[in-house]
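Presented below is the structure to which this report refers.
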Amino acid sequence: IIFRSADDLDSGKDPYVEKFEQAGIKCQVIPVLNFEFINLNEMKSKLSKSEQYSGIIFSSPRCVKAVSMAVDDISKWKNHRIFVIGEKTAKIVETELGLQTEGSSSGNAKVLADYILKQNITKPILLPCGNLSRDVLSKTLTDGGFKLDQIIVYKTLADPNIESNIKEAFDKSTVRYILYFSPSAVDITFPIFTKHGINLNNIKWAAIGPTTENELLKHSVQVPIVAESPTPE
């Protein structure tokens, strides 16, 4: 089972499913998270004052979408530093906003923060984020003396069908592996496992990134498979 957000499933065939199928592994994708955009007027105001910032950090495709919805004139940001986590986010920034990015190979918040700390930056960095965003990125940068202007631009919601989809998946087949993309997905699904008495003893767990791994470890499960970067390979 692959637990992913609903908006990751809107662009046709899932590349992770393709990779697993090529390896002869049958898998099912269950949407676990939905997102609602908020504070876009405030985001619009900040984006109009590009001269006050050194750049923007995009930690996810949702943050890119929020900026795309809010911005009036993206050309004001073409000479700014545009930092991203992951190649997928970088591609969306470059396609939807036409901005050149850096840091995409970092793969996670801590590595990107360490990269930014080495840069010569004097003005604040604009940081759009979600309501459940972990503070790894912001804490590392502020502890390092950087100024951030952080704004929540979306809130995370559980997919309305997540409980029935999980129950059906375990009722119909033997689940051997579960792959998580975010700590929020871990938080949402484990109470459902408990509620329905789902036996997890023989499950092998996999996580994208150390933050998601740490959230799984809180539930006393071993995580033998951890991908440092969010790519199908």
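Per this note's numbering, the sequence shown starts with residue 38, numbered consecutively. By construction, the Cβ of each residue, glycine as well, lies at the ideal position given by its N, Cα and C atoms.
For residue i, three-class secondary structure by DSSP
i: Gln59; result: helix
i: Pro261; result: coil
i: Val148; result: helix
i: Lys255; result: coil
i: Glu133; result: helix
i: Glu88; result: helix
i: Glu139; result: strand
Beta-carbon gap between residue i and residue j smaller than 7 Å
i: Leu169; j: Leu178; result: no
i: Ile162; j: Ser91; result: yes
i: Lys192; j: Ile75; result: yes
i: Ile67; j: Asn202; result: yes
i: Gly144; j: Glu265; result: yes
i: Lys113; j: Ser87; result: yes
i: Val101; j: Leu84; result: no
Residue interval of the beta strand (DSSP E) (run including residue i)
i: Tyr217; result: Tyr214 to Tyr217
i: Tyr191; result: Leu185 to Ala195
i: Leu163; result: Ile162 to Gly167
i: Ile129; result: Segment Glu124 to Ile129 is the alpha helix (DSSP H) holding Ile129; no beta strand (DSSP E) there.
i: Leu70; result: Val66 to Phe74
i: Ser42; result: Ile39 to Ser42
i: Val121; result: Arg118 to Val121
Cβ neighbours of residue i in the same chain (closer than 6 Å, five flanking residues each side left out)
i: Ala127; result: Val121, Thr138 and Ser141
i: His233; result: Lys204
i: Ile111; result: Leu134
i: Arg118; result: Ser91 and Gly92
i: Pro220; result: Thr248, Thr249 and Glu252
i: Arg99; result: Phe72 and Tyr191
i: Ala150; result: Leu174, Thr177 and Leu178
7 Å Cβ shell around residue i - same chain, five flanking residues per side excluded
i: Ser175; result: Leu164, Leu185 and Gln187
i: Thr268; result: Glu124
i: Glu79; result: Ile188
i: Phe207; result: Ile235
i: Met106; result: Phe74 and Leu77
Alpha helix (DSSP H) segment containing residue i, residue limits
i: Lys155; result: Per DSSP, Lys155 belongs to no alpha helix (DSSP H) and is neither H nor E.
i: Ile235; result: That residue, Ile235, is in no alpha helix (DSSP H); it is neither H nor E in DSSP.
i: Glu205; result: Ile199 to Lys209
i: Lys241; result: Per DSSP, Lys241 belongs to no alpha helix (DSSP H); it is in the beta strand (DSSP E), Lys241 to Ile245.
i: Asp180; result: Val173 to Asp180
i: Val108; result: Premise fails: Val108 is in no alpha helix (DSSP H) and is neither H nor E.
Cutoff 8 Å; reference residue i; Cβ partners in own chain excluding five residues on either side
i: Leu194; result: Leu70, Asn71, Phe72 and Glu73
i: Leu253; result: Tyr217, Val223, Trp242, Ala244 and Val260
i: Ile225; result: Val69, Leu70, Ala195 and Ile199
Residue i CB to nearest heavy atom of the ligand MN below 6 Å
i: Ser97; result: By its list of ligands, the structure shown contains no ligand whatsoever, and the ligand MN lies outside what it can speak to.
Fill in: Cβ contact (3+ pairs, closer than 8 Å) linking the segment 204-213 and the segment 231-246
yes
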